[in-house]
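Just so we're aligned, residue 0 is where the sequence shown starts under our numbering, counting upward by one.
Heads up, the beta-carbon is just placed ideally off N, CA and C, and yes, glycines get one too.
So the structure is just underneath, and the comments pick up after that.
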Amino acid sequence: MPNFRLNDDLRNRLYILGMVSALLVIWEVATRTKFINTFYASQPTVIASDFYHFVTSGDILPHLLTTLQEALFGLFFGTIAGIICGVALGKTKRLADLFEPIITALYGIPKLALAPIFILWFGLGMESKIFLSALLVFYLVFFSTYSGIRNINPDIIATVQLMGANRHQIFFKVTLPSCVPWVLTGIRGGIGASLIGAIVGEYMGASAGLGWMIQYATTTYQIERVMSCILALLLIGLVLNKGLRMCEKRLLRWRPDNF
0 MPNFRLNDDL RNRLYILGMV SALLVIWEVA TRTKFINTFY ASQPTVIASD
50 FYHFVTSGDI LPHLLTTLQE ALFGLFFGTI AGIICGVALG KTKRLADLFE
100 PIITALYGIP KLALAPIFIL WFGLGMESKI FLSALLVFYL VFFSTYSGIR
150 NINPDIIATV QLMGANRHQI FFKVTLPSCV PWVLTGIRGG IGASLIGAIV
200 GEYMGASAGL GWMIQYATTT YQIERVMSCI LALLLIGLVL NKGLRMCEKR
250 LLRWRPDNF
């Protein structure tokens, strides 16, 4: 008989699929036997049916596009600002001594408390949600980039200096490539943060978006619609993370785990 063995990646996927399937079966059985009240948790089959009609009817589209725009713009602006500030403070000790404690202190402020202020400043449109998303992303990307710059091996820089490299060559050939894994780690966390910022902003005030739909469905006791929106957010996060993973493989081709 042939020796059939699954690779680690496929095996992990099958484990995850098995655990999720088991959880859904337990959930379905628990609700059908009245062990769990469907008023609070609904049923997987009911949620699947609602999600199908939510998608096929096109009702999800305006809410999905609104939340996606807010999250993606927030991810973009927060990433750019985080990289610039992280590199600037990582390369300049004087700037780091001055601004790093301030940024760290501001990071401790609960962002939920800032959402009403942003709505007051920018109104109920997309701008307030984008700003909140960008702020959440900024901190994650900034701290990752800053740590990446500060943890570059000084022996590598000394070696390329002995080879005659100037400051610009060191920055673009050594510093930036060395901190790319750190930046990507920050962006990976920023994907979830951008969605959180968009949803929280929509909770505070909006007329469309998945966050608005979750709040509306909650007030009208449509738990299956709440779960459908959460499922949509889960799928968005998975797709964005998959896209980032593909970019990471291209940017970090030199790493052994990407061969």
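Backbone secondary structure at residue i - three-state DSSP
i	result
Tyr220	coil
Arg10	helix
Gly204	coil
Gly122	coil
Lys33	coil
Pro109	coil
Phe258	Residue placement at Phe258 is poorly supported in this model, since its pLDDT is 46, which falls under 50; the coordinates are not used for a value here.
Asp49	helix
Thr57	In the sequence under discussion, the amino acid at residue 57 is Gly, which differs from the Thr named in the question. Looking at Gly57 - three-state DSSP - the assignment turns out to be coil, as it is neither helix nor strand.
Thr103	helix
Gln68	helix
Ser143	helix
Leu175	helix
Asn240	helix
Leu251	coil
Gln42	coil
Thr78	helix
Sequence-distant residues of the same chain with beta carbon closer than 8 Å to residue i, five excluded per side
i	result
Tyr39	Ile222
Ile308	What is shown of the chain runs 0 to 258, which leaves residue 308 out entirely.
Met0	With a pLDDT of only 46 at Met0, under 50, the local geometry of the prediction cannot be trusted, and the value read off the model is given with reservation. Nothing meets the Cβ criterion.
Any C-beta of chain B under 8 Å from that of residue i
i	result
Ala47	No chain B appears in this structure, which consists of one protein chain only.
Spatial neighbours of residue i in its chain, beta-carbon cut-off 6 Å, leaving aside the 5 residues before and after
i	result
Ser127	Phe117, Ile118, Phe121 and Gly200
Leu123	Gly204
Phe141	Gly81, Cys84 and Gly85
Ser193	Ala70, Gly73, Leu74, Ser132 and Val136
Cβ separation of residue i and residue j, assumed to be a contact under 8 Å, to the nearest whole Å
i	j	result
Leu135	Ile195	6 Å
Ser132	Ala80	With a Cβ gap of about 12 Å, Ser132 and Ala80 do not count as contacting.
Ile186	Leu243	6 Å
Pro43	Leu71	That pair is no contact at about 30 Å.
Leu250	Val179	6 Å
Tyr145	Leu97	With 8 Å as the limit, Tyr145 and Leu97 do not qualify as a contact, their Cβ atoms being about 14 Å apart.
Val159	Ile169	6 Å
Ser143	Thr174	Actually they are not in contact, since the Cβ atoms of Ser143 and Thr174 sit about 15 Å apart, beyond 8 Å.
Beta-carbon spacing of residue i, residue j below 8 Å
i	j	result
Leu209	Leu105	no
Leu182	Gly147	Leu is not the amino acid found at residue 182; the sequence shown has Val there. In contact: Val182 and Gly147 (Cβ atoms closer than 8 Å).
Cys228	Met212	yes
Ile156	Glu69	no
Ala207	Pro61	yes
Met226	Ile46	yes
Thr49	Arg224	Inspection of the sequence shows that residue 49 is occupied by Asp rather than by Thr. Cβ distance < 8 Å, so Asp49 and Arg224 count as in contact.
Gly188	Leu139	yes
Contacts around residue i, its chain only, beta-carbon distance under 7 Å, and the 5 residues preceding and following it disregarded
i	result
Thr78	Val136, Val140, Ile186 and Gly189
Near the ligand NAD: residue i beta-carbon under 7 Å from a heavy atom
i	result
Pro180	Looking at this structure, you won't find the ligand NAD or any other ligand, since it has none at all.
- What runs of the alpha helix (DSSP H), each 4 residues or longer, lie entirely inside the segment 146-172? 153-161 and 166-169
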